[in-house]
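Student:
Residue numbers (our numbering): 66 to 217.
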């Protein structure tokens, strides 16, 4: 599979290692140093774009991928006030879009367990529920998209 990485920070580099180890090809890496490479011509032979940037750029990056008819997987958080626009654009252009605040299998199992726990706890007002998260010192977003998903 030919992959474009949009965002080549810590997560982008990790995705590259995993993708290459599984036989995929990173054909394009987009970051702040080469934004001019984010164009239709360079996306002609891309099978999927993986978007891991930030809240101020993710929305427009996703729209560009959909415009280029490139399926896009997004793990960026903090932009979800625009998700209905993205869904509408995706549907109207017959595109492909996948979003998750966290792609870890374990965390997604926890999300499902948390939904069940929320149902069981509904109406039991004698409990105060809170979320406390601790991250490495390089963590860019707080609260994290994972914490926001848990809270929802």
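Backbone N, C-alpha and C define an ideal beta-carbon position, used for all residues, glycine too.
With burial defined as no fewer than 16 other Cβ atoms inside 10 Å of the residue's Cβ, what is the status of residue 114: buried or exposed?
Tutor: buried
Student: Please go through the segment 83-115 and give each complete beta strand (DSSP E) segment of 3 or more residues, from N-terminal end onward.
Tutor: 90-95
Student: Reducing DSSP to helix, strand and coil, say where residue 69 ends up.
Tutor: strand
Student: Nearest-angstrom Cα distance between residue 187 and residue 73?
Tutor: Cα atoms of residue 187 and residue 73: separation of roughly 42 Å, rounded to the nearest angstrom.
Student: Do you know whose CA, among 87, 143, 157, 120, lies nearest residue 134's CA?
Tutor: Cα-wise, what sits closest to residue 134 is 157.
Student: Which value, in whole angstroms, describes the spacing of the CA atoms of residue 198 and residue 146?
Tutor: Roughly 23 Å between the two C-alpha positions.
Student: For residue 193, tell me which candidate among 181, 211, 216 has the shortest Cα-Cα distance.
Tutor: 216
Student: Determine the DSSP secondary structure at residue 192, reduced to helix, strand or coil.
Tutor: coil
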